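S.K.: The sequence shown begins at 3 in the working numbering and counts up one residue at a time. Backbone N, C-alpha and C define an ideal beta-carbon position, used for all residues, glycine too. For clarity, every value in this text was computed on a predicted model and none was experimentally measured.
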Amino acid sequence: MKTIALSFSAFYVLIHFASCNKDLGFFEKEYPGVESELWEYYEEFEFQAEKRGLTLDLSNLKVNGEISEIEEPGVAGSCQYGSAINNHITIDKTFWDRSSNLNKEFVVFHELGHCVLFRGHDESQNSNGLCLSIMRSGIGTCIDAYSDANRESYLNELFVDLD
Numbered sequence: 003m004k005t006i007a008l009s010f011s012a013f014y015v016l017i018h019f020a021s022c023n024k025d026l027g028f029f030e031k032e033y034p035g036v037e038s039e040l041w042e043y044y045e046e047f048e049f050q051a052e053k054r055g056l057t058l059d060l061s062n063l064k065v066n067g068e069i070s071e072i073e074e075p076g077v078a079g080s081c082q083y084g085s086a087i088n089n090h091i092t093i094d095k096t097f098w099d100r101s102s103n104l105n106k107e108f109v110v111f112h113e114l115g116h117c118v119l120f121r122g123h124d125e126s127q128n129s130n131g132l133c134l135s136i137m138r139s140g141i142g143t144c145i146d147a148y149s150d151a152n153r154e155s156y157l158n159e160l161f162v163d164l165d
């Protein structure tokens with residue numbers, strides 16, 4: 003009986019320790035000035051850029067990020083660069099709380115496209131009215147089509163077609 007109790011106790015301690023430290027080893031690096039909920043998207047942005055021959059280190063570039071309410075209606079994210087608050091993205095908390103991981107990625111990558119790649123908005127669309135760029139403004143007439151099925155083409159446009 004002591005063996006079972008000891009094994010159960012050891013298992014309980016291990017589970018408790020692991021649950022308190024769920025982030026250990028998950029991220030390869032930290033992003034100072036960035037809320038931890040955004041880290042996986044920063045890492046993925048660097049990874050996707052690297053896959054396309056562009057080496058980025060968002061930690062060294064000091065691109066801060068936060069999730070907080072944006073007062074302007076209909077705005078999911080913003081990037082401030084070239085101002086008093088340089089290289090800072092804000093993702094709207096209401097948007098964040100109700101969005102899928104894919105939609106979160108879309109908005110974080112869009113804002114990093116401004117702050118890191120210095121991309122402006124691109125309202126181009128195909129003959130079906132679908133947006134051709136992740137950098138669309140959201141106030142144009144094109145229809146968002148960012149999905150698992152066409153994610154690669156949007157990311158190619160974001161990282162490869164830099165003009």
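Say whether the region 71 to 86 touches the region 45 to 52, bearing in mind that this needs 3 or more beta-carbon pairs closer than 8 Å, one atom from each stretch.
M.R.: No: the two stretches stay apart, fewer than three of their Cβ pairs being nearer than 8 Å.
S.K.: If I measure Cβ to Cβ from residue 90 and keep anything under 6 Å in the same chain, skipping five residues before and after, which residues do I get?
M.R.: Closer than 6 Å at the Cβ level, and outside the excluded window around residue 90, lie 66 and 82.
S.K.: Give the DSSP-derived three-state secondary structure of residue 57 in the structure shown.
M.R.: Of the three classes helix, strand and coil, the one that applies to residue 57 here is coil, per DSSP.
S.K.: Let me know the secondary structure DSSP gives residue 134 once reduced to three states.
M.R.: In this structure, residue 134 counts as coil in the three-state DSSP scheme.
S.K.: Smallest Cα separation from residue 68: which of 55, 33, 127 and 56?
M.R.: Among 55, 33, 127 and 56, the Cα nearest to that of residue 68 is on 33.
S.K.: Going by beta-carbon coordinates alone, are residue 40 and residue 110 separated by less than 8 Å?
M.R.: Taking 8 Å as the Cβ cut-off, residue 40 and residue 110 qualify as a contacting pair.
S.K.: I need the DSSP call for residue 33, collapsed to helix, strand or coil.
M.R.: Of the three classes helix, strand and coil, the one that applies to residue 33 here is coil, per DSSP.
S.K.: Express the C-alpha separation of residue 64 and residue 35 in angstroms, rounding to a whole number.
M.R.: About 8 Å.
S.K.: Using only the alpha-carbon positions, how far apart do residue 37 and residue 129 sit?
M.R.: Answer to the nearest angstrom: the Cα atoms are 39 Å apart.
S.K.: Can you look up residue 103 in the DSSP assignment and give me helix, strand or coil?
M.R.: Three-state result, residue 103: helix.
S.K.: Between the alpha carbons of residue 45 and residue 106, how many angstroms are there, rounded?
M.R.: Approximately 14 Å between the Cα atoms of the pair.
S.K.: With 16 as the cutoff for other CB atoms within 10 Å, does residue 87 come out buried or exposed?
M.R.: Residue 87 is exposed by the Cβ-count criterion.
S.K.: With distance defined between alpha-carbon atoms, name the residue in 72, 31, 53 and 138 nearest to residue 161.
M.R.: Cα-wise, what sits closest to residue 161 is 53.
S.K.: Residue 157: buried (16+ other C-beta within 10 angstroms of its C-beta) or exposed?
M.R.: Buried: at least 16 other Cβ atoms inside 10 Å.
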